[in-house]
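Note sheet for the following structure.
Quick look at the structure:
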């Protein structure tokens with residue numbers, strides 16, 4: 184399909200978009216919080232929450248290395264516990280921003296404070312000097328059992344405080360956080376099912392985390408499952424195992440799997456044509472350009488005024504970008520795209536690995552003012568993954584592809600050239616050629 188034909192379906196009606204935003208930007212979450220508080224009071228018996236099912240965990244990063252670490256459990260909705268787990272299924276279900284905030288609001292974080300290298304604190308059943316690697320009892324041990332389990336597992340949580348904290352603070356990497364309460368203890372009420380590959384990584388005390396992550400990925404575990412296991416301190420050489428803050432583990436797994444996939448493409452042939460793909464989700468529009476050549480990757484983010492990360496409606500479009508060449512990156516991105524970069528790069532590398540090809544890949548992300556609440560980088564990963572499910576359109580060259588996309592972007596070609604190494608590089612080479 185020619186690129187201009189492919190783009191015909193992506194024309195925007197700005198007035199219609201704003202009307203849709205007004206309908207979708209729901210503030211019913213306040214009412215939903217009241218319902219969660221009511222359900223919470225029904226499931227608390229004395230100072231314990233019984234009959235709960237924990238599908239996941241959360242490890243905070245504030246005050247590192249002393250962090251808040253918790254078990255995430257749906258309140259009064261245990262039979263649907265798997266639906267509360269952040270993964271690719273949320274994209275397949277077409278969840279809206281409001282849907283995500285409602286699910287996360289219903290996911291209670293029963294937490295306590297611990298050092299990332301030790302199993303507990305004074306007064307717990309484990310000594311504060313015990314290394315995370317050695318502990319399978321107490322709160323941290325139960326948390327690890329939940330993280331490595333192949334399905335949600337029953338828990339009984341002893342509470343030190345029956346009040347709920349509804350500080351629904353969010354960040355741009357992990358999914359929104361729900362209500363919190365302080366936990367005294369946690370015990371399993373059933374034996375968890377642990378997949379055999381996970382047992383293998385746990386039993387090998389000399390296996391570096393990078394190798395164990397790649398092994399689990401090759402065995403069919405998606406990054407969502409792997410980052411929970413890493414976060415619980417269950418991967419890596421024994422003496423180096425520790426709890427990893429959730430937002431850090433998400434990016435670490437995306438980065439590690441991405442490097443593993445890129446390594447397998449070093450001698451792969453290039454794609455033989457320039458192709459443009461597009462996708463939209465939750466007020467984010469993605470353009471993905473693949474063009475012949477050795478591996479290069481760049482993410483350019485354009486955040487519209489009034490969007491969640493550029494809230495001033497009078498401001499201009501905020502642009503951030505990060506890039507890597509054939510040799511990859513040696514340090515964390517510093518251009519402002521943060522975890523989004525690694526999530527988008529992983530999706531591109533998965534596609535190329537499946538094809539056995541390499542390419543220069545440019546991802547353009549336009550964050551519109553419809554994106555009123557951050558839901559986490561999972562939506563970036565899944566949006567780019569699913570862009571590759573489309574046929575897309577072909578262009579004569581990378582330059583022609585950018586020229587055809589440019590009218591659909593919220594910035595000019597000059598702005599894009601100043602922000603993008605790949606676009607600027609093509610312009611420079613064309614100028615040199617014409618001279």
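In my numbering, the protein residues as written are 184 to 618. We put the CB at the ideal spot given by N, CA and C, even for glycine.
Assigned secondary structure, residue 388 (DSSP; H/G/I helix, E/B strand, else coil):
Residue 388 falls in the coil class under three-state DSSP.
Short check: CB of residue 584 to CB of residue 384, under 9 Å?
For residue 584 and residue 384, no; Cβs fall outside 9 Å.
Alpha carbon to alpha carbon, what distance is there between residue 381 and residue 400?
Residue 381 has its alpha-carbon roughly 11 Å from the corresponding atom of residue 400.
For residue 450, the nearest candidate out of 581, 535 and 387 (CA to CA):
Looking at the Cα atoms, 535 is the closest of the given residues.
DSSP bridge partner residues for residue 541 (one or two, in chain order)
Beta-bridge annotation (DSSP): residue 541 is paired with 453.
Residue 573, DSSP secondary structure in three states
In the structure shown, residue 573 falls within a coil segment according to DSSP collapsed to helix, strand and coil.
Compute the Euclidean distance between the alpha carbons of residue 132 and residue 481, then round it to the nearest angstrom.
Any property of residue 132 remains undetermined from this structure, which presents the chain solely from 184 to 618.
Just verifying my parser: in three-state terms, what is the DSSP assignment at residue 442?
Assigned with DSSP and collapsed to three states, residue 442 falls in helix.
Could you check what DSSP says for residue 325 in three-state terms: helix, strand or coil?
Under the three-state reduction of DSSP, residue 325 is assigned to helix.
Judging by CA-CA distance, which residue of 424, 406 and 413 is the nearest neighbour of residue 389?
The alpha carbon of residue 389 has as its nearest neighbour, out of 424, 406 and 413, the alpha carbon of 424.
C-alpha distance - residue 131 paired with residue 562, whole-angstrom precision
Because residue 131 is not part of the residues shown, which for the chain are 184 to 618, the question remains open.
Three or more C-beta pairs closer than 8 Å, one from the segment 254-263 and one from the segment 287-299: is that the case here?
Contact check between the segment 254-263 and the segment 287-299: three or more CB pairs, one atom from each, fall below 8 Å, which counts as touching.
Beta-carbon proximity check, residue 180 vs residue 522, cutoff 9 Å:
Outside the modelled stretch of the chain, which goes from 184 to 618, sits residue 180, for which no answer is possible.
First through last residue of the alpha helix (DSSP H) which encompasses residue 372:
No alpha helix (DSSP H) holds residue 372; DSSP gives it neither H nor E.
Would residue 343 and residue 366 qualify as a contact pair, given that the criterion is a beta-carbon distance under 9 Å?
Yes, Cβ-Cβ distance for residue 343 and residue 366 is below 9 Å.
Does DSSP classify residue 485 as helix, strand or coil?
If DSSP states are grouped into helix, strand and coil, residue 485 belongs with the strands.
Check whether the Cβ atoms of residue 560 and residue 582 lie closer than 9 Å to each other.
At a Cβ-Cβ threshold of 9 Å, residue 560 and residue 582 do not count as neighbours.
Do three or more CB pairs link the segment 485-504 to the segment 425-443 at distances below 8 Å?
Result no; under three Cβ-Cβ pairs closer than 8 Å.
Under the three-state DSSP convention, the category residue 278 falls into:
In this structure, residue 278 counts as coil in the three-state DSSP scheme.
Is it buried or exposed, residue 517, if we count other Cβ atoms within 10 angstroms and call 16 or more buried?
The residue in question, residue 517, is exposed, as its Cβ has fewer than 16 Cβ neighbours within 10 Å.
Determine the contact status of residue 467 and residue 603, defining contact as a CB-CB distance below 9 Å.
No. Outside cutoff.
On the DSSP letters alone, give me the boundaries of the alpha helix (DSSP H) that residue 626 sits inside.
For the chain, the structure presents residues 184 to 618; residue 626 sits outside this window and is missing.
Since I believe residue 235 is in contact with residue 338 (beta carbons under 8 Å), could you give me their beta-carbon distance rounded to a whole number of angstroms?
Contact holds; Cβ gap of about 5 Å.
Are residue 333 and residue 378 touching if we call contact CB-CB under 9 Å?
Cβ distance < 9 Å, so residue 333 and residue 378 count as in contact.
My guess is that residue 460 and residue 573 are in contact by the Cβ rule of under 8 Å, so how many angstroms apart are they, rounded?
With a Cβ gap of about 5 Å, residue 460 and residue 573 count as contacting.
Check whether the Cβ atoms of residue 359 and residue 556 lie closer than 9 Å to each other.
Against a cut-off of 9 Å, the Cβ pair of residue 556 and residue 359 comes out as a contact.
Kindly provide the ranges of any alpha helix (DSSP H) runs that are 4 or more residues long and lie completely inside the segment 489-546, ordered along the chain.
Every alpha helix (DSSP H) stretch that sits fully inside the segment 489-546 and reaches 4 residues is listed by chain position as 522-538.
Closest by C-alpha distance to residue 488, when choosing among 421, 477 and 594
594 is the residue among 421, 477 and 594 whose C-alpha sits nearest the C-alpha of residue 488.
If you drop the 5 nearest sequence neighbours on each side, which residues of the same chain put their C-beta closer than 8 Å to that of residue 505?
481, 482, 516, 517, 518, 519, 520 and 524, listed in sequence order.
Using only the alpha-carbon positions, how far apart do residue 426 and residue 340 sit?
Rounded to whole angstroms, the separation of the alpha carbons of residue 340 and residue 426 is 20 Å.
To the nearest angstrom, how far is it from the Cα of residue 361 to the Cα of residue 349?
In this structure, the alpha-carbon of residue 361 lies about 7 Å from that of residue 349.
With H, G and I counted as helix, E and B as strand and the rest as coil, what does DSSP make of residue 549?
Looking at residue 549 - three-state DSSP - the assignment turns out to be strand.
Neighbour-count burial assignment, residue 155, 16 or more Cβ in a 10 Å radius
Only positions 184 to 618 of the chain appear in the structure, and residue 155 is not among them; the question remains open.
So the beta strand (DSSP E) residue 349 belongs to, where does it begin and stop?
Unbroken run through residue 349: none, as it is neither H nor E.
Quick one: is residue 297 buried, meaning 16 or more other Cβ sit within 10 Å of its Cβ, or exposed?
Classification for residue 297: buried.
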